[in-house]
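Below: one structure, written as structure tokens.
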Amino acid sequence: MAIANSNTDVRHDFTSTPSIFDLEITALLELPVSPALDLFQILDRCQCYVDALIENDSTTERMALCGRLFAGLEVLKLVLEQPLPDYLVAQLTVDEGQPCGAVNPLTADSDTLCGYCSALTLVLLSQQQPTDLSDQLIEMLYDMLHVLADDLKAPRFIRTRHGLAMIDGEALLQVH
73 MAIANSNTDV RHDFTSTPSI FDLEITALLE LPVSPALDLF QILDRCQCYV DALIENDSTT
133 ERMALCGRLF AGLEVLKLVL EQPLPDYLVA QLTVDEGQPC GAVNPLTADS DTLCGYCSAL
193 TLVLLSQQQP TDLSDQLIEM LYDMLHVLAD DLKAPRFIRT RHGLAMIDGE ALLQVH
């Protein structure tokens, strides 16, 4: 910040780009979710839906958020079957000798975790459980979705002197 008798210029051109994580529920519900989005964009939207869901007590808004979350998870299932684009492979690549991060013991394969999240979302949409159980299911869904997102955004590839390899030593395939 510039002081009156300072030689520091005031910069008025700093503007913050709004994040989808800062949107109001109505704007969040209007965000498109389609297979045209990349893996990370879909994960971010699903995380926004579940973040808003866990902080919301309105039955109507919860149902709308669950509906959007379910749609996002269905699109995620489609995207998980597609090869990763090169720019995501680059984001998921670390150099040899770089720490790769810890593996979450709850992490199953991403298809299974995505299926679990979809199943929990459908149970919530059915509205057949008491409110206190719904709250617990939402918390479980929140945790599972964040585990899924953390896992899918974790480094998968390592850059060696021989080229790219999977971190866990598997053959290099263009899938998740």
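Numbers 73 to 248, taken from this note's numbering, label the letters of the sequence shown in order. The beta carbon of each residue, even a glycine, is placed where N, CA and C say it ideally should be. Note that the structure is predicted; figures quoted are calculated from it, not measured.
Check                                                                                                                                                                                         : Outcome
What are the start and end residues of the alpha helix (DSSP H) that includes Asp167?                                                                                                         : Taken as a continuous stretch (DSSP letters only), Asp167 belongs to no alpha helix (DSSP H), being part of the beta strand (DSSP E) at 165-167.
Suppose you measure from the CA of Asp222 to the CA of Gln119; what does that come to, to the nearest Å?                                                                                      : 11 Å
Going by DSSP, what residue range makes up the beta strand (DSSP E) through Arg231?                                                                                                           : 229-232
Would you tell me roughly how many angstroms separate the C-alpha atoms of Asn128 and Val166, rounded to the nearest one?                                                                     : 38 Å
Do you know offhand how far Leu100's Cα is from Met135's?                                                                                                                                     : 13 Å
Taking only the alpha-carbon atoms, compute the straight-line gap between Thr232 and Leu125 and give it to the nearest angstrom.                                                              : 42 Å
I'd like the span of the beta strand (DSSP E) that includes Ala237, first residue to last.                                                                                                    : 235-238
Could you spell out the range, first to last residue, of the alpha helix (DSSP H) harbouring Glu96?                                                                                           : Run containing Glu96: none; DSSP gives neither H nor E here.
For Gly139, which of Pro107, Gln163, Met212, Thr193 has the nearest alpha-carbon?                                                                                                             : Thr193
Closest to Asp181 by C-alpha separation, out of Thr203, Ala237, Val195, Leu152, would be which residue?                                                                                       : Leu152
Taking the alpha helix (DSSP H) that Leu103 falls in, what are its first and last residues?                                                                                                   : Taken as a continuous stretch (DSSP letters only), Leu103 belongs to no alpha helix (DSSP H), as it is neither H nor E.
Within a Cβ cutoff of 8 Å, which residues of the same chain sit near Leu164, ignoring the five residues on either side of it in sequence?                                                     : Leu156, Lys225, Ala226, Pro227, Arg228, Phe229
May I have the straight-line CA-CA distance separating Ile239 from Leu150, to the nearest angstrom?                                                                                           : 24 Å
What is the residue span of the alpha helix (DSSP H) that Asp223 lies within?                                                                                                                 : 203-225
Compute the Euclidean distance between the alpha carbons of Leu197 and Gln208, then round it to the nearest angstrom.                                                                         : 14 Å
What is the DSSP secondary structure of Gln113, counted as helix, strand or coil?                                                                                                             : helix
Please go through the same chain and pick out, in chain order, the residues whose beta-carbon is closer than 8 Å to the beta-carbon of Asp183, but skip the five residues on each side of it. : Lys149, Leu152
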